[in-house]
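Numbering follows this note's numbering, in which position 278 of the sequence shown is assigned residue number 276; successive positions increment by one, without gaps.
Here a beta-carbon is modelled for each residue, glycine too, at the ideal position from N, C-alpha and C.
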Amino acid sequence: MPADDAAASAAVRHRTQVGIVGAGPAGLFLSHLLARAGIDSIVLEDRSRDYVESRIRAGVLEQGSVDLLNAAGLGARMGREGLAHAGIEIRFEGRGHRIDFLALTGKAITVYGQHELVKDLIAARLAEGRPLHFDVSDVAVAGFDGDSPSIRYREDGETHEIACDFIAGCDGFHGICRPSVPAGVLALYERSYPFAWMGILAEAPPASKELIYAHHERGFALLSMRSPTLSRLYVQCGPEDDVAAWPDERIWDELQRRTATSDGAFRVPQGAVLQKGVTPMRSFVAEPMQCGRLFLAGDAAHIVPPTGAKGMNLAMADVHYLTQALVARYRSGSMDLLDGYSARCLRRVWKAQRFSWWMTTMLHRHPEDSPFDRRRQLAELDYLTGSEAAMRVLAENYVGLPLE
Ligand SMILES: Cc1cc2nc3c(=O)[nH]c(=O)nc-3n(C[C@H](O)[C@H](O)[C@H](O)COP(=O)(O)OP(=O)(O)OC[C@H]3O[C@@H](n4cnc5c(N)ncnc54)[C@H](O)[C@@H]3O)c2cc1C
């Protein structure tokens, strides 16, 4: 028997309707929505449960994402512990300017840590006794260009193979699904930025009731929060900077300087630094977001710089559309929504790309900028904060464009 056939026959075999690679917000939320629609899935994750539940990342949910979570029966803890924010502050040249989302759009955002949402999603999945496998390895997808998609993986020393109708590639930017698409199928659009964010999670009360986005000649700073006692704080740093180059004192010093007000009254509350890390800045889109029976969702298909707080929300919108398409396929046999999945997602993805790029370029210091660029940047901030029309454009995008 050839070696490949021997390995295949040795595999423990499983069967499901949708095989999901990745237990981040996209994969977990998709599995939950599918279960509610009576569609079976198996979720594979190559990290431990503890790791994914403590991975500190995004924290802003658009109104549409909150509505989706509530409609899916996942809103209880978010409703109790999430912080509803009706606006943000843009601060530059020592002065703050509030952008009132509620007044401008009738909508708000909710601050709720991505890892808290992931905990809720995992708890819901396990409570229903549905398959979710952590710590798997050697995940490989195959057969999606024909009628017999399959996923192979290793778990507890054994090889497993899942036969499925469809594969959802929800395995993030560094996953294996997108690279498994044959060469020449995907067009990749990418932009990198000459800066990154040095971020900390600090045991300190938030500096303000709402997020503060600060533009300063020393660079950008963002004052955010995860709870009434935990602050999430960022300063613009070099793209190659390492955490070793940023001791806590340097981060606090830069935060204080970049967010200082002209009257000298403002101070960022300081506290123990619980976590520290670099968030890279990248804009990336893979088109189309599907190949045969493989569908990419979330960071596996697109990345935005975090300035516009869109990454997690885009992931949730993708799987909302993917669920609608899979439900249509299983209920009526129609492939129309599945065939149109990528185009439907990408219309929203590119608008979020545009907004995230605009927020990023407006608020950061660009190392190569000329004095003209600097003046233009300040004029843009002045215009934004002085024009109701301009503030409405920001507000409409920040709270999230409507889901179809
Ligand atoms: C370091 C970092 C910091 C971020 N910070 C912010 C922020 O501050 N603000 C903000 O708005 N957004 C932030 N984002 C973006 C936001 O967190 C993402 O957009 C969001 O996580 C997307 O969810 P996802 O489920 O698509 O992907 P992910 O959350 O990346 O989930 C993918 C999952 O797949 C798993 N996986 C990968 N490969 C395999 C494999 N081969 N087999 C099985 N499983 C696999 C991964 O372990 C992961 O659990 C950040 C992203 C990163 C990477």
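- In the same chain as methionine 314, and ignoring 5 residues on each side of it, the C-beta atoms closer than 7 Å to its own belong to Pro23, Phe27, Ser63, Leu66, in chain order.
- About 6 Å separates the Cβ atoms of leucine 59 and tyrosine 110, confirming a contact at the 8 Å cut-off.
- Distances from the CA of glycine 20 to each of Asp136, Leu102, Ala101 were compared; the closest alpha carbon is that of Asp136.
- Secondary structure within the segment 28 to 114: the beta strand (DSSP E) runs of 3 or more consecutive residues, fully enclosed, are 39 to 42, 81 to 83, 85 to 90, 93 to 98, 107 to 109 (chain order).
- The beta carbon of valine 276 is closer than 8 Å to those of Ala194, Trp195, Met196, Gly197, Cys235, Asp239, Asp240, Val241 in its chain, skipping five residues each way along the sequence.
- Residue state for serine 146 is assigned as coil, using DSSP reduced to three classes.
- In this structure, Leu294 is the residue among Val233, Leu294, Tyr187 with its C-alpha nearest to the C-alpha of glycine 167.
- Under the three-state reduction of DSSP, isoleucine 120 is assigned to helix.
- Note on geometry: alpha-carbon atoms of glycine 36 and alanine 122 lie some 15 Å from one another.
- Residue state for leucine 401 is assigned as coil, using DSSP reduced to three classes.
- Close CB contacts of arginine 363 within its chain, under the 6 Å cut and outside five residues either way in sequence, are with Gly217 (chain order).
- Contact annotation: the segment 170 to 189 does not touch the segment 203 to 212, with fewer than three C-beta pairs closer than 8 Å.
- Nearest to glycine 141 by C-alpha distance, out of Arg255, Lys349, Cys289, is Cys289.
- For aspartate 169, the shortest separation between its Cβ and any heavy atom of ligand 1 lies below 7 Å.
- Histidine 113 sits close to arginine 53, with the two beta carbons spaced by under 8 Å.
- The count of Cβ pairs closer than 8 Å, one atom from the segment 343 to 356 and one from the segment 300 to 309, reaches three, so the stretches are in contact.
- Where glutamate 386 is concerned, the enclosing alpha helix (DSSP H) starts and stops at 386 to 396.
- The shortest CA-to-CA distance from tyrosine 381 to any of Val50, Thr14, Ile88, Glu43 is the one to Ile88.
- 8 Å or more divides the Cβ of leucine 401 from the Cβ of histidine 300.
- In this structure, the C-beta of glutamine 112 approaches ligand 1 to less than 7 Å from one of its heavy atoms.
- Relative to the non-hydrogen atoms of ligand 1, the Cβ of histidine 172 comes within a distance shorter than 7 Å of at least one.
- Spanning the alpha carbons of leucine 292 and leucine 335 requires a straight line of approximately 14 Å.
- Look at the segment 188 to 252 and you find no whole run of alpha helix (DSSP H) that is 4 residues long or longer.
- Look at glutamine 268 here: in three-state DSSP terms it is coil, with no helix or strand label.
- For threonine 157, the enclosing beta strand (DSSP E) covers residues 156 to 161.
- Boundaries cannot be given for valine 179, as no beta strand (DSSP E) includes it and DSSP labels it neither H nor E.
- Residues of the same chain with a CB within less than 6 Å of the CB of serine 340, apart from the 5 flanking positions on each side, are Pro286, Met287, Gln288 in chain order.
- In this structure, the C-beta of methionine 310 approaches ligand 1 to less than 7 Å from one of its heavy atoms.
- Per the coordinates, the alpha-carbon of valine 397 lies some 21 Å from the alpha-carbon of alanine 219.
- DSSP places alanine 313 inside the alpha helix (DSSP H), whose first and last residues are 309 to 330.
- In this structure the segment 259 to 276 does not touch the segment 168 to 181; the number of beta carbon pairs closer than 8 Å is below three.
- Taking 7 Å as the cut-off, one finds at least one heavy atom of ligand 1 near enough to the beta carbon of glutamate 43.
- Histidine 30 and arginine 150 have their C-alpha atoms roughly 22 Å apart.
- By the CB criterion at 8 Å, leucine 199 and arginine 224 fall inside the cutoff.
- Looking from the CA of serine 148, the closest CA among Asp163, Ala388, Pro226 belongs to Asp163.
- The DSSP assignment places 369 to 384 as complete runs of the alpha helix (DSSP H) inside the segment 340 to 385, in order along the chain (cut-off: 4 residues).
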